[in-house]
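For the sequence shown, the residue numbers in UniProt numbering are 1 to 1075.
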Amino acid sequence: MSQSGSTITAHPLLAKRKSRWDETPSRDGDNKQDDENQKRNETNNPPQPIIKKSRWDKTPANESKEHISGADSQLSSFKTPLPVAKVEPEKPKRKSRWGEAPATALVAAGVAATPRLIDMGGATPMGTPALGMATPTPGQLANLTPAILSSQRGDIEMYERNRPLTDEELDELLPPDYKIVPPPEDYQPVRIPAKRTIAASATPTPLPGPLATPRTGFYMQKEENYVASTKKIVSLEPKGNLPALKPEDLQYFDELLADVDEDSLPLEKQKERKIMRLLLKIKNGTPPVRKVALRQITDKARDFGAKALLDKILPILMSPSLEDQERHLLVKVIDRILYKLDDLVRPHVKKIMTVIAPLLIDEDYYSRIEGREVLSNLAKAAGLATMISTMRPDIDNKDEFVRNTTSRAFAVVASALGIPALLPFLRAVCKSKKSWQARHTGIKIIQQTTFLMGCAILPYATDLVKTISHGLEDEQQKVRTIAALAIAAIAEACAPYGIEAFDPKTVLRSLYDGVQKFRGPVLAAYLKAIGHIIPLMDADLASMYTARVVPTLVREFASSDKNMKEIVLRVVEQCCSTEGVKPQYIKDEILPQFFQHYWNHRAALDRHNHRQLIATTVEMANKVGTSEIISRIVNDLKDGNEEYRKMVMETIEKVITNLGATDIDERLEIQLIDGIVYAFQEQQAEDRDHIMLNGFNAVVSSLGKRCKPYLTQITQIIKFRLNKSVNIRQQAADLMAKIAVVMKICNEEKLMSQMGLILYEYLGEEYPEVLGSILAALKAIVNVIGMHNMTPPIKDLLPRLTPILKNRHEKVQENCIDLVGRIADRGAEFGSPREWMRICFELLELLKAHKKAIRRATVNTFGYIAKAIGPHDVLATLLNNLKVQERQNRVCTTVAIAIVAETCGPFTILPALMNEYRVPELNVQNGVLKSLSFLFEYIGEMGKDYIYATLPLLQDALMDRDLVHRQTAMSVVQHMALGVHGFGCDDALTHLLNYIWPNIFETSPHVVQSFMGAIEGLRIAVGPIRLFQYTIQGLMHPARRVREVYWRIYNTLYIGGQDALVAAYPRIPDTDHNQ
1 MSQSGSTITA HPLLAKRKSR WDETPSRDGD NKQDDENQKR NETNNPPQPI
51 IKKSRWDKTP ANESKEHISG ADSQLSSFKT PLPVAKVEPE KPKRKSRWGE
101 APATALVAAG VAATPRLIDM GGATPMGTPA LGMATPTPGQ LANLTPAILS
151 SQRGDIEMYE RNRPLTDEEL DELLPPDYKI VPPPEDYQPV RIPAKRTIAA
201 SATPTPLPGP LATPRTGFYM QKEENYVAST KKIVSLEPKG NLPALKPEDL
251 QYFDELLADV DEDSLPLEKQ KERKIMRLLL KIKNGTPPVR KVALRQITDK
301 ARDFGAKALL DKILPILMSP SLEDQERHLL VKVIDRILYK LDDLVRPHVK
351 KIMTVIAPLL IDEDYYSRIE GREVLSNLAK AAGLATMIST MRPDIDNKDE
401 FVRNTTSRAF AVVASALGIP ALLPFLRAVC KSKKSWQARH TGIKIIQQTT
451 FLMGCAILPY ATDLVKTISH GLEDEQQKVR TIAALAIAAI AEACAPYGIE
501 AFDPKTVLRS LYDGVQKFRG PVLAAYLKAI GHIIPLMDAD LASMYTARVV
551 PTLVREFASS DKNMKEIVLR VVEQCCSTEG VKPQYIKDEI LPQFFQHYWN
601 HRAALDRHNH RQLIATTVEM ANKVGTSEII SRIVNDLKDG NEEYRKMVME
651 TIEKVITNLG ATDIDERLEI QLIDGIVYAF QEQQAEDRDH IMLNGFNAVV
701 SSLGKRCKPY LTQITQIIKF RLNKSVNIRQ QAADLMAKIA VVMKICNEEK
751 LMSQMGLILY EYLGEEYPEV LGSILAALKA IVNVIGMHNM TPPIKDLLPR
801 LTPILKNRHE KVQENCIDLV GRIADRGAEF GSPREWMRIC FELLELLKAH
851 KKAIRRATVN TFGYIAKAIG PHDVLATLLN NLKVQERQNR VCTTVAIAIV
901 AETCGPFTIL PALMNEYRVP ELNVQNGVLK SLSFLFEYIG EMGKDYIYAT
951 LPLLQDALMD RDLVHRQTAM SVVQHMALGV HGFGCDDALT HLLNYIWPNI
1001 FETSPHVVQS FMGAIEGLRI AVGPIRLFQY TIQGLMHPAR RVREVYWRIY
1051 NTLYIGGQDA LVAAYPRIPD TDHNQ
C-alpha cells in the first residue's frame, strides 16, 4: 500500500473500475475528487504488470500483503479481473474484505445486535434506510423474507435429525456389550461422483442473523451434536409461562431470556420488561393468550406511556423477517393503543408514520385497510396541525415512492378529519412555486382522496376542481398528467351529478386544447378526463363535445400503447352511452375505423383490454342495433384462432341478450347459426367460462321458432359428439340441456324423445363431470316433455337413478337429486313404494353433502316421497337418523321431518314425534325439539290446533338441566307464538312464559339469543303489557347485572310496542320532589 512510501499500481484491466461492491457509497463531491486523483495517478504512474508473490490460501502477514495477495488470488484462481480500488499515498486504505463472510457485515450493520432507535430525521425513511443501515450487503438481503429463514432453520433441523450417528453417539446409546463388525472383504461402498455432490449442494455459506457463527470467511461446516442443537432450541423459551422465541426474535426479546430479579430493577426497566412480555404473547402466543395480552396492553397504555410502547413496537414492525399474521397483530396493537393514548402520541407521530405509511401501498388489500384505519385514528388523536407538520417535508421529496405514500396518507387524513379542514392547505400546496414535485403531490392527494371517499366528495367537487384546474396548464408534463387524472377521478366519483363543478371556460377548454396539442401519456390522461365528464352533460352539450373529440379518438385507434387503447375504448363507450350521440353518427364516423383497428387476433390475446373491447362493442350495439354489429363480426366465428372466436361469441351473446334477435334478417340468421355451430364444433381447449355454450344458448333462445329448420342438424351434431373424448361429450350433453326448452317451443317432442333414449343409454358414464351433464340434460328433457311422454318410461329410468345417488361427486349428486325430486313431485305413481323407500335410505347419505343446494334438494325430496307413499315409512327412516352423531345430518333430518309434516299434515307426524321424545338419549330429544321448531315455523297458524297437545312436552324441556334443551324449546315457543297470534291461545303462551322467564340470567350467547327470540314472539302474541308487568320488577334492582338484563328486555319492548306501553306505565303520585 503506501506505508513504505511507494505506490503499488493496479493491473490495467483492474484499474478500469473504481467502486467496490462492499463499500458505502460516498457523496457526489467525494466522487469528483476521486476521479481527479485517479486521472493524476494514471498520468504519473504508467501501468505495470503485477508480479505474483503469494498463494491465494496463504495466511496474510500484514495489511499490505493481504491486499496484494487478495488481488493476486483473484488473478490466479478466478482468472477474472475483479475491481481493486486505487489508493492515494496520503490516505491509508482500509483492509480488503472481498473474502469475508456476509455474517460480519450483518454484525457491522447492527442487525443482529441490540436494536437501536429508528432515525426519524429528514424525509420519511422507507425499507432498510429506516433501520439505520448503509448499503445493504448480501447478508442483509438474505435476511429479508421469513420464508428464507424458516427454510434455513428447516434444512438445519432436517440435517441434524437425519445425519449418520457418530461412533461416540452410538457408544452412548447402545449397551457396552455391542461391538463393531468389520465389513465383508468383497464389500464395495457406493461412490458418488464429485460433480454430482457439487451440483446437489453449493458451497456452504454461513447463515445470516441470529443463526450466524462467529467465524469469518468460507469454511467447512463442523458437524454438531443433535443433542446440543436441541438444547439451543430449548434455550429460546423464556421463563414465566411465555411463548417460545423464534431466532429472529432474539434481537427484540433477548432480555426476557435473562433470569433477573425484577423487583430490584428500576421502574422504567420493569415497564420495558412487562411491555416485552405482552408483545411476545401477542406475537407468538396462542389465541386465548394473545387476547388477554392485547386487552392488558390496551388498558394499561397510558400507564406505560407512548414512548415506552412505541420504542418496543415500531422496531419489531420494521423487521424484514416479520410474517403477515404477526404484522397484522402488531398493527392491531398500535390501533388499540392509539385510541387509549389519544393526544399523548403527538411527539411520536413521525415514528408511527414511518412504519404505517408503507402499508398504504402494500399489495395485500387487508394490509392497506389496516394502514388506513391506523392512520385515521392517528389523525383524530394527533390533530390536523401535527399531521401536516409531520408530513410536510415529504411533499416535495425527490423520491416518487415517498411522494406517492405521502399523498395516500394525506388522503386518509382528509377522509378522517374532513375535506374542508384540509382544503386551505391543499390550495397552497397545489399552487406552490417552490417545486413542481409539491404541486404534483398536492394534486395527487386530491386524486387519492377521491378514490378513497367516492361519491362523498360531491359537496366539495367545485372547490377541488378549482384547486387543481390550473395544473392542466402547468409547464411540467407530470403535473399536467396527474391534474387530468384527478379531474377524471372527481368526475367518475360524482356521476351522474356534478357537471356544474367543471367550468366550460377553464376546465373544459384546457382539456380540449390539450387533446389537440399533446400526445402520449398526457393525451391519454386528458381523454380519460373528457370521457368521464361527457356522461354528466345534457344531450346537446354531450353531442357537441363528442363531435370535437371523436377525430382524436379515431386517430388514436391505431395506437399500439396498451394504456392508450384501454382509455380510448373506455371514452368511446362513454360517448356512445350518452343521449346526445346519434346512431347514424356512430355508424359513419366510428364503426368502420373501430372494427378495422380493434377486431383482430391481437385484441383477443390482449387480456388487458379484452373485456373493455367487448363492453365498448356492446354499448355501440345498444345505439346502432343488433344486425349492424353482428353482420360485421359474424364471419369471424369461423376464424382459425380459438381465442378470437371466443371473443366474438361472447360479444354476440351479450348483444343478443340485451337487444334480442328481432332485426336479424334471414341471411344473417343462416350465417349466425352456421357460425355458432362451427365455433362449437371446433373447440379444442376446455371452456371453463362456458362462453361457447352460453353464446349458443343465447342465440337459439332469441331466435325461438325460427330455429326449427336447424334443430335436426344440431341434434345430429350432439349425437355425433357424444361418442368423442371426455370434454366433447360433456359439451354435447350441456348443449342438449340448454336447447331443450327451444325444442319444446318448436314442437320437436319426437326429437327430444330420441335424445332422451340416447342419453339414458349413457347413464353408465365413468367420468363424473360428464355424468353430471348427462343427468342435467335428462332433467331438462323431463321438465319440458312431461312424465307421461318421457322416453324411456319413468318406471325404467328411476331404478337406474337409484345407484347413481351413491356417487359422491357434487355435480352428479346435485343433478341426480334434482331429477329424482322432480319425478317424485310429478310422477310418483311410476315408481313402486319399495323403490321409493330404497331411495329414502340413499337420500340419508346425501344429507352429509358439503353443498347446501344438495342438502336443500334432498330435504324437499323427502317431502315429495312422503306425499307419494305416505308419511309413516319415511318418518320411521328419519327418526332413526336422529340417533347419529353428526350434527349437520341431524339438523337436515329435523328439517326433512318438518317438511313431511307440512306436506302430509302435522297430525300424521306429531304422535310419532312426541313418542320419540321419550327415548332417553340427548341427541334424539334435541332432534325432536328442533323438528318441532321447524314444524311450527312451517305450518304457521295451523299450530293453534296442536299447541295444547305439545304443552307438556315443552314444559318438560324448559325445565331440563341441559342448556341446549331449554334453548331449542324456547325456539319452539318463539315460532309457535308467532304462528298463533290472534287465535286466543294466550293462556297456554302465558303458561310457557312462566317457564321461559327463569332463563333471563343465562350467559350463553345462544341461550340468550333464543330467550330474546321467545320474548319477541310472545310480545306479538300476548302483547307488550303482559311482558312489561314481568319486566318492571327488575328495572330498579340494586345489582347492575340484573338491571342490565331487564333494561335490555324493556328496550326491546319499547322499540316494538311503545304506543301499547303507555297504558301500562304506573301512576306516580305527585310529591314535593315530583310534580
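Where is the CB? At the ideal position from N, CA and C, for every residue including glycine. Computed from a predicted model, the values in this text were never measured in an experiment.
Margin query: Taking only three categories from DSSP, how would you classify Cys494?
Written below: If DSSP states are grouped into helix, strand and coil, Cys494 belongs with the helices.
Whole-angstrom Cβ separation of residue 1078 and Pro583, contact assumed at under 8 Å?
-> Given that the chain is displayed from residue 1 to residue 1075, the structure contains no residue 1078 and the question cannot be resolved.
Buried versus exposed, by CB contacts within 10 Å (16 or more), Phe862
Classification for Phe862: buried.
Excluding the five sequence neighbours on either side, which residues of its own chain have a C-beta within less than 7 Å of the C-beta of Gly943, listed in chain order? If we look at Gly943 and ignore the five residues flanking it on each side, its Cβ neighbours are Phe936, Met976, Gly979 and Val980.
**OP:** Excluding the 5 residues preceding and the 5 following residue 1091 in the sequence, name in chain order all residues of the same chain whose CB lies nearer than 6 Å to its CB.
**Re:** Nothing in the structure corresponds to residue 1091, since the chain is present only between 1 and 1075.
Beta carbon of Ile457 nearer than 8 Å to that of Ile490: Yes. Within cutoff.
>> Using the Cβ count rule (16 or more neighbours within 10 Å means buried), how would you classify Phe680?
In response: Buried, because 16 or more other Cβ atoms sit within 10 Å of the Cβ of Phe680.
Residue burial classification, Met537 (beta-carbon count within 10 angstroms, cutoff 16) = Per the 10 Å Cβ criterion, buried.
With a CB to CB cut of under 6 Å and the five nearest residues on each side skipped, what residues in its chain are close to Val812? Excluding positions up to five away in sequence, the list reads Pro768, Leu771 and Gly772.
Three-state secondary structure (DSSP) of Phe841: Here Phe841 carries a helix assignment [DSSP, helix/strand/coil].
| For His1006 versus Gln967, is the C-beta spacing smaller than 8 Å? | Against a cut-off of 8 Å, the Cβ pair of Gln967 and His1006 comes out as a contact.
Original post:
From this set, Asn622, Val1045, Pro1024 and Arg1026, which residue's C-alpha is nearest Gly1034's C-alpha?
Top reply: Considering only alpha carbons, the answer is Val1045.
Where Trp599 sits in the DSSP three-state scheme: Coil.
Item to complete: Please confirm whether Glu566 and Gln596 have their CB atoms less than 8 Å apart.
Response: No, the Cβ-Cβ distance between Glu566 and Gln596 is not below 8 Å.
**Prompt:** Where Gly675 and Glu650 are concerned, what is the direct C-alpha to C-alpha distance, given to the nearest angstrom?
**Reply:** Approximately 13 Å between the Cα atoms of the pair.
When Gly764, Lys724 and Val928 are compared against Ala912, the one with the closest alpha-carbon = Ranked by how close their Cα comes to the Cα of Ala912, the residues Gly764, Lys724 and Val928 have Val928 in first place.
Please state the DSSP three-state secondary structure of Val655.
Val655 falls in the helix class under three-state DSSP.
Proximity below 8 Å, CB of Thr441 to CB of Ile369: Taking 8 Å as the Cβ cut-off, Thr441 and Ile369 do not qualify as a contacting pair.
* **Cβ shell of Met276 (< 8 Å), same chain only, five flanking positions each side left out** => Around Met276: Tyr252, Phe253, Glu255, Leu256 and Lys312.
With a threshold of 6 Å on Cβ separation, who are the neighbours of Thr462 within its own chain once the five nearest residues in sequence on each side are excluded?
Excluding positions up to five away in sequence, the list reads Ala501.
Own chain partners of Thr903 with C-beta closer than 7 Å, once the 5 adjacent residues on each side are dropped: Here the set comprises Gly863, Ala866 and Lys867.
Item checked: Rounded separation between Gln448 and Phe425 - CA only -> When rounded, the separation of the alpha-carbon atoms in Gln448 and Phe425 is 16 Å.
Spatial distance of Gly371 from Glu363 (CA atoms)
Those two C-alpha atoms are separated by around 12 Å.
Exercise. Within this structure, are the beta carbons of Leu910 and Asn881 separated by less than 8 Å?
Worked result: Result no, Cβ atoms of Leu910 and Asn881 do not sit closer than 8 Å.
Review point. So Val799 is in the alpha helix (DSSP H); what residue range does that whole segment cover?
Key: For the sequence presented, residue 799 should be read as Pro rather than Val. Note, Pro799: alpha helix (DSSP H), Ile794 to Ile804.
Our contact map puts Cys816 next to Arg855 with C-beta atoms below 8 Å; I'd like the distance itself, whole angstroms only. Taking the Cβ atoms as the reference, Cys816 lies roughly 14 Å from Arg855, outside the contact range of under 8 Å.
Give the DSSP-derived three-state secondary structure of Gly520 in the structure shown.
Residue state, collapsed to three classes: coil.
I need the straight-line Cα distance from Val507 to Leu472, nearest angstrom please.
Across the structure, Val507 and Leu472 are spaced so that their CA atoms are roughly 8 Å apart.
I need the DSSP call for Asp1059, collapsed to helix, strand or coil. The answer is helix: DSSP assigns Asp1059 an H, G or I state.
Leu422 versus Ser407: straight-line alpha-carbon distance, rounded: Each residue's Cα considered, the two are about 13 Å apart.
Checklist entry - Going by C-alpha distance, which of Ala901, Ala733 and Asp945 is nearest Leu693? => result Minimum Cα distance to Leu693 is reached at Ala733.
For the alpha helix (DSSP H) containing residue 1083, name the first residue and the last one.
This structure leaves residue 1083 out entirely; the chain is present only between 1 and 1075.
For Ile1068, which three-state DSSP category applies? In this structure, Ile1068 counts as coil in the three-state DSSP scheme.
>> Whole angstroms are fine: how far does the CA of Cys494 sit from the CA of Pro803?
In response: Whole-angstrom Cα-Cα distance: 59 Å.
Query raised in the report: Between Asn622 and Asn658, which are expected to be in contact by the criterion C-beta below 8 Å, what is the C-beta distance as a whole number of angstroms?
Result: With a beta-carbon spacing of about 6 Å, Asn622 and Asn658 fall inside the 8 Å limit used to define contacts.
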